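The structure under discussion appears below in the form of structure tokens.
Residue numbers (my numbering): 8 to 142.
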């Protein structure tokens, strides 16, 4: 599926961004229940050369920038693609400089930090609940 095909069928739901889609009450878990834990992040560029493509993909996500209020439906995909290309081109240099300040290879530390977090969470869950987990 191409980005345009995806965008033509995509139905934006603000609740997914605001968290309004999910219950705010604590989850009640009883003995014998199976619980899944999912860690999510937007990722980041692995190295300096990945900054522009990362920004392009980020801006192509309708949940990041919503054009539904300002652009006619049929033109949304083309406008989003043009906007994403232009902004990622002009912003990639300064964003790459920012990443260079926090990482030796010019990439984002979010991916290795998230992997470390997942491994520690898995170890803690295994120790506390003696349950099967997987990352």
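Just so you know, even glycine gets a beta-carbon here, dropped at the ideal spot from N, CA and C. Keep in mind that this is a model prediction, so the values were computed, not measured.
Contact under 9 Å by Cβ, residue i with residue j
| i | j | result |
| --- | --- | --- |
| residue 66 | residue 101 | no |
| residue 113 | residue 52 | yes |
| residue 48 | residue 109 | no |
| residue 46 | residue 124 | yes |
| residue 120 | residue 44 | no |
Neighbour-count burial assignment, residue i, 16 or more Cβ in a 10 Å radius
| i | result |
| --- | --- |
| residue 20 | exposed |
| residue 57 | buried |
| residue 15 | exposed |
| residue 106 | buried |
| residue 85 | exposed |
| residue 130 | exposed |
| residue 31 | exposed |
Spatial neighbours of residue i in its chain, beta-carbon cut-off 7 Å, leaving aside the 5 residues before and after
| i | result |
| --- | --- |
| residue 71 | 65 |
Start and end residues, alpha helix (DSSP H) containing residue i
| i | result |
| --- | --- |
| residue 119 | 117–136 |
Sequence-distant residues of the same chain with beta carbon closer than 8 Å to residue i, five excluded per side
| i | result |
| --- | --- |
| residue 92 | 63 |
6 Å CB neighbourhood of residue i in its chain, flanking five on each side removed
| i | result |
| --- | --- |
| residue 55 | 103, 113 |
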